[in-house]
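What follows is one structure encoded as structure tokens, with my remarks underneath.
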Amino acid sequence: ARNLYEHNPTVTLMRTTAEENARLGEVIAQKANAARGPVKIILPLRGISAIDAVGQPFYDPAATAALFEAIRRHTSVEIKEVDAHINDPQFAASIVAEFMGMLHTSVRRTDALA
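For the sequence shown, the residue numbers in our numbering are 970 to 1083.
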């Protein structure tokens, strides 16, 4: 049986399975590999949505692990893993730090070309 979560009377969410997540991970990796500009993948190791946390209805470490493992296996871009939930301030700070580093590198390259 599928794991369904009724968000409200008109929206019901369905948890992806480990097999579905493995395929999604391949697609994410392919898209990242095809990027024409700078790209990094940052993985929140403690959950990827508000309802994918310990004690929440979509918490399924095996399904999330399948997603992340497929991304790792199929991508050629840099991956950073953060031991935090996607909604944690620590994860947000990590995203900002990575973005600022990429932006700084891009500006330096642009300045060098001018």
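Where a beta carbon is used, it is the ideal one built from N, C-alpha and C, also for glycine.
Once you ignore the five residues that flank A1066 on each side, which residues in its own chain have a CB closer than 8 angstroms to its CB?
-> none
In the DSSP assignment, find the alpha helix (DSSP H) that holds A1013 and state where it starts and stops.
-> The residue asked about is misnamed: residue 1013 is Pro in this sequence, not Ala. First-last for P1013: 1009-1013, but that is the beta strand (DSSP E), not the alpha helix (DSSP H).
Reducing DSSP to helix, strand and coil, say where S1045 ends up.
-> In the displayed model, S1045 falls within coil according to three-state DSSP, outside both helix and strand.
Give the range of the beta strand (DSSP E) segment to which V980 is assigned.
-> 980-983
Locate the alpha helix (DSSP H) running through N990, then write down its first and last residues.
-> 987-1002
Cβ-Cβ distance between I1017 and V1046 below 9 angstroms | no
Would you call the CB atoms of A1031 and G994 closer than 9 angstroms?
-> Not in contact: A1031 and G994 (Cβ atoms no closer than 9 angstroms).
N977 - containing beta strand (DSSP E), residue span = Start and end: 973-977.
May I ask you to check if the CB of L982 is nearer than 8 angstroms to at least one heavy atom of the ligand GTP?
-> Among the ligands in the structure shown, none appear at all, so the ligand GTP cannot be discussed.
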